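Structure first, commentary second.
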Amino acid sequence: MYATLREYEGITDPQQALEPLRDGLLAEMQALPGFISYYFVDVGEAGDRMISLSVFASSEAAEASNRIAAEWVERWVAAHPGTAASSSRVDAGPVVASATA
Numbered sequence: 004m005y006a007t008l009r010e011y012e013g014i015t016d017p018q019q020a021l022e023p024l025r026d027g028l029l030a031e032m033q034a035l036p037g038f039i040s041y042y043f044v045d046v047g048e049a050g051d052r053m054i055s056l057s058v059f060a061s062s063e064a065a066e067a068s069n070r071i072a073a074e075w076v077e078r079w080v081a082a083h084p085g086t087a088a089s090s091s092r093v094d095a096g097p098v099v100a101s102a103t104a
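As numbered in the working numbering, the sequence shown has no gaps in its residue numbers, which increase by one up to the final residue, 104.
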């Protein structure tokens, strides 16, 4: 498994991102071969930040998800310049341990 953690700073209205996220980015992620899961987490109490975690079966799918996410953020910034993320960070790599309920 491979995972990508994306951190977005400066999101002033996380709720405003949810509808286009559900209607756009998530559908694109789910369509990738090897899609396992996606999480979008509001950590705003720490300062207007959101993080996402994408998990895929292969490094190729994880890399493709990074391109899709970058394009989505680009479109979001263009459409919502006042509320979109001001900066982001992306970390990715193989999952070396995991657990589920």
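Glycine residues also receive a C-beta, built at the ideal position from the N, C-alpha and C atoms.
None of these values were measured; they are calculated from a predicted model.
Under three-state DSSP, which class holds residue i?
i: M53; result: strand
When you compare the CB of residue i with every CB in chain D, is at least one pair closer than 9 Å?
i: M4; result: No chain D appears in this structure, which consists of one protein chain only.
Straight-line CA distance for residue i to residue j?
i: A65; j: A95; result: 8 Å
i: H83; j: L21; result: 13 Å
i: V44; j: S55; result: 6 Å
i: V98; j: R9; result: 15 Å
i: R92; j: V46; result: 15 Å
Mind checking residue i: buried by the 16 CB within 10 Å criterion, or exposed?
i: L24; result: buried
i: S101; result: exposed
Per the contact definition of three or more C-beta pairs closer than 8 Å, is the region 42-62 in contact with the region 4-19? yes
Evaluate contact between the region 69-81 and the region 40-52, counting only Cβ atoms and requiring at least three cross-stretch pairs below 8 Å. no
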